Every structure is written in C-alpha cells, then in structure tokens.
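Participant: Mind having a look at this structure? Questions to follow.
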Ligand SMILES: Cc1cc2nc3c(=O)[nH]c(=O)nc-3n(C[C@H](O)[C@H](O)[C@H](O)COP(=O)(O)OP(=O)(O)OC[C@H]3O[C@@H](n4cnc5c(N)ncnc54)[C@H](O)[C@@H]3O)c2cc1C
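Numbering (the numbering used here), first residue to last: 14 to 443.
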C-alpha cells in the first residue's frame, strides 16, 4: 500500500508561487502531492513588461510556459482560478465548478489591477495588457495625425510605462503624453530627488504632468478631472494600484491588512494551514506595508513553503524577516535610478543592472529544464536584448550624455551602501 501523501496547493504560479514550489521541491518531496493553480498559461517576468511598450521586449521574451515550469519542479499544474476558499473543510472551489481539497495551501495569487467600473482604458498588470496597449497605439498612430496617451497614476508602473513611451516615441510629433496623479509629485514612496529628476526629463520632452487631480469619469475618449477639466485621451492607461483578488475580498474593512490577518510566519490567523506570500500578503514591516516587489515575493514564498513543511511535520514555524533591498527604477533610455535607503544613484548605465537581473532571473527559473532548452531560450533572450537595448544604447549613450546623467542624486548612510552591496552579493551568489 502506498504512503498517504499530504496535499499542498499553491494558488498562483508566478514569483511567490514558483519560489514556494522550489522550496518544497528542494527536498525532493516524495511525501507531498503538490498542485499549482493559475488561470494564465505563462509565468511572466513582470518587472520588465513595461519594455513591451517600446518594442524592447515582446511577450515571448518575458514568459515561460507555466505547465513545463511547474512539472519540471515535480508538481501538477491546473489551469484555472480559485473562486472560493473554505478553510473549515479545507477545500478550494474553482471557477469551472470543480473542487480541490488540501492539507496546506499557499496563497500566491498577487493582486488585481484597479480600474473604476465602466472606465475606459487599459490596465497595466501583465504582458498581454501591455502588448494590447502597444498594438492599439501603433494602429492609431498609423491612422491619425495626433494620438493623446494618458497615464493615470505616477507610481512605479506609471513612471516606467512613461519612460518606455519616451524611449520609442520621444521624437514622434504625433504623440501627446500626459500623466495624472492625485498626489503632489511622482513616486511618492521614493526620495523626492528621483521625482524631481524625472519631472525635469518630462519637461524636456514635452510630457504634461498634472498633479493633485483624480479622474472622475472616463468615457468617449474624454477624461473628467476633479476640478471639472475635460481632457481628450485616445489611449488611457490605468496604473492606480491594485486590490485583493475577488475570492479574498471579504469584509468591508478599508485596508487589505484589516481584511486579511496574518502572523509573522505568514499564516492566516483565522485559518490554520493557509499561508500567504507575495503581493497579496499585507505584511507590515517597520510600520509600513512591505513594498510589492518581486524579490520580497520570492523571499516570502520560500518562508511560506518552509512553514508548510514544518506544520505538516509538527516542527516550529519560522518567522519572516525581510531585509532592506535597493530599488531600481527605469525611465526608458533616459535614465535609471537605484535607491538604497537614502542613497540615490542615477545613470543610464544602471539599466544594464535591471537587464542583468532579468537575464539571470529567467535563466535561474529554467534551472530544472533540459540543458538544450535553457541554452536556446537564454541565447534568444540575449540576442533580442543586444538588438533592442545594447546597440541603440551604444549609439545614444555618447559619453557626454552618460556623464551628464550619471550622478549621486543623494548621499546615504554607510548602512545604505552596505544594504546595496549585500543585496548584489545575494543575487549573484544565492
Ligand atoms: C509594470 C510593473 C513593473 C514592475 N517592476 C518591478 C521591478 O522593477 N522590480 C520588482 O522587484 N518588482 C516589480 N514589479 C512588481 C512585481 O512584478 C511583483 O511584486 C511580483 O510580480 C509579485 O509576485 P506574486 O507572485 O506575488 O504575484 P504575481 O506576479 O501578480 O502573480 C500572481 C499569480 O496568481 C495568479 N492568480 C490570480 N488570481 C488567481 C486565482 N483566483 N486563482 C489562481 N491563480 C490566480 C495570476 O494569474 C498570477 O500568475 C513590477 C510590477 C509591474 C506590474
């Protein structure tokens, strides 16, 4: 008679989910029956999807077939979405009506892009969204004299989207770029010097920045702002944040951390055996929500999976302890910023760091694939980046431009430099 295996279900198979799966698979888990559920057929390297807007990347170059990835890591892949979670009976209800039982489960389902009901425009959450925007923009540019593109939201996604539009279209006189934000500046969570530098570049390239205004209505290619102004917009891109997936959006509390209660081990306080990791986890760190970044999603996925195993084996659970990590913000080919605490560096050449993280990350993700497949995929990504990034950058980055834009925008403390060095070391030698 075969041994009874514990059923572990991972809901969502992107950064957090795949990291959790790798951790569970690290010990060649013959005692576990692991299933990854996700409605989308591809793993997506989201930190570089904005580059699809400029044609620097295409959908294929940021995606890996999820079924292959999951099965190469010893688990079953189920294409579907979870519709409900019953933590009493330990059952998941799927959107096709099927149900699935679990002994332990990890919520890695990310967040849903926010866009007001009935509002016109595109969200900016996955590769397909961005490819659709690019297609629509190119079609409209081919048939109209003037195309107005409006980005709503001046956070990471909005700024990186704007940078990519400038990379490709800054010399195109038929395009008109506007960014609207309800705050008083770009990138509210980052040091002011970054926002100031990017705002100067926006002015140089004719981008209109509108602050302290919300879009109240968006129909018939017209945006109505809180002050009553009407703006024409042919393409509207919503990057105003995200909310919990529908099946977790229970209760009426205003904030995510009030709707989902988790403890330091990433377990839901009201549901034993249910852990949470990645963007969906409202983890409080130093009185703030942990930033929604792929490296934190991966770290959380790893701890959640470790704790699943501890729980099933009756061992004490580990506590998740994030460590400070530098943030890279790309603004097309105009500049890239590295922020580590108070230390802020700016240089177009830092774009190579972001590209290296992507190349290395995709290569590592495919570690369990047959060698010939890894080599072929890595070569294709490298050739593509050489053609679309390196060669244009060599032409553009005349030493004078590079020197002008490479600066220490703000000096930090010794601990900020330490965090940067530690993080670089951990990336290269995990
Ligand atoms: C434009 C953009 C730029 C970014 N740039 C950076 C960057 O430079 N650096 C960085 O570190 N981070 C960046 N991020 C953030 C980073 O992408 C996220 O932190 C990371 O993707 C979070 O991983 P995750 O696995 O938690 O969630 P996600 O990557 O969102 O994955 C969630 C998965 O769950 C699946 N899912 C959703 N609902 C269900 C359901 N009901 N049932 C089953 N499956 C479900 C989804 O299909 C998806 O595959 C960027 C994000 C965007 C959008």
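Beta carbons are placed, not taken as given, at the ideal position from N, Cα and C, and that holds for glycine.
This structure is a prediction, so every number in the text was calculated from the model and none was measured.
Using a threshold of 7 Å, is the CB atom of residue 27 nearer than that to any non-hydrogen atom of ligand 1?
Facilitator: Position 14 of the chain shown holds residue 27. Under cutoff, so the answer is yes.
Participant: Excluding the five sequence neighbours on either side, which residues of its own chain have a C-beta within less than 6 Å of the C-beta of residue 94, listed in chain order?
Facilitator: Numbered from 1 along the chain shown, position 81 holds the residue referred to as residue 94. Excluding residues within five positions, the ones whose Cβ falls inside 6 Å are 52 and 108.
Participant: State the beta-bridge partners of residue 351 as determined by DSSP.
Facilitator: Working through the chain shown from its first residue, we reach residue 351 at position 338. 341 and 358, per the DSSP bridge assignment.
Participant: Spatial neighbours of residue 319 within its chain, please: C-beta separation below 7 Å, excluding the five flanking residues on both sides.
Facilitator: One-based indexing of the chain shown puts residue 319 at position 306. 36 and 331, listed in sequence order.
Participant: Count the other CB atoms, across all protein chains shown, that sit within 10 Å of the CB of residue 299; report buried if there are 16 or more and exposed otherwise.
Facilitator: Your numbering for residue 299 matches position 286 in the chain shown. Answer is exposed; the Cβ neighbour count stays below 16.
Participant: What does the Cβ neighbour count give for residue 180, buried or exposed, with the cut at 16 atoms within 10 Å?
Facilitator: Residue numbering aside, residue 180 sits at position 167 when the chain shown is read from its first letter. Result: buried.
Participant: Just reading off the beta strand (DSSP E) that residue 444 is part of, what are its end residues?
Facilitator: Any question about residue 444 goes unanswered here, given that the chain covers just 14 to 443.
Participant: Does the stretch 309-324 come close enough to the stretch 20-40 to have 3 or more Cβ pairs within less than 8 Å?
Facilitator: yes
Participant: Ignoring anything shorter than 3 residues, give me the beta strand (DSSP E) runs that lie fully in the stretch 82-170, in order along the chain.
Facilitator: 89-92, 95-99, 104-107, 112-114, 117-120 and 160-165
Participant: Mapping DSSP to helix, strand and coil, what is residue 260?
Facilitator: Numbered from 1 along the chain shown, position 247 holds the residue referred to as residue 260. Correct three-state label for residue 260: helix.
Participant: Return helix, strand or coil for residue 234, following the three-state DSSP convention.
Facilitator: The residue labelled residue 234 in the question sits at position 221 within the chain shown. Here residue 234 sits in coil by DSSP.
Participant: Run through DSSP, which three-state label would residue 311 get?
Facilitator: The residue labelled residue 311 in the question sits at position 298 within the chain shown. In the three-state reduction of the DSSP assignment, residue 311 falls in the helix class.
Participant: Tell me the DSSP bridge mates of residue 298?
Facilitator: The count along the chain shown starts at 1 and reaches residue 298 at position 285. Answer is 301.
Participant: Spatial neighbours of residue 447 within its chain, please: CB distance less than 6 Å, with the 5 preceding and 5 following residues excluded, ordered by chain position.
Facilitator: Nothing about residue 447 can be reported from this structure: the residues present for the chain run from 14 to 443 only.
Participant: Give the DSSP bridge partners of residue 328, in chain order.
Facilitator: As a first step, residue 328 must be located in the chain shown, where it is residue number 315. Answer is none; residue 328 lacks a bridge partner.
Participant: What number of angstroms, rounded off, separates the C-alpha of residue 206 from the C-alpha of residue 43?
Facilitator: Translated into positions along the chain shown, residue 206 becomes position 193. Translated into positions along the chain shown, residue 43 becomes position 30. Rounded to the nearest angstrom, the two C-alpha atoms are 52 Å apart.
Participant: Per DSSP, what kind of secondary structure is residue 420 in: helix, strand or coil?
Facilitator: Residue mapping note: residue 420 aligns to position 407 of the chain shown, counting from 1. In the structure shown, residue 420 sits in a strand (DSSP, three-state: E or B).
Participant: For residue 189, collect the residues of the same chain with a Cβ closer than 6 Å to its Cβ; drop the 5 residues on either side in sequence, then sort them by chain order.
Facilitator: For the purposes of this step, residue 189 is taken as the residue at position 176 of the chain shown. Result list for residue 189: 161, in chain order.
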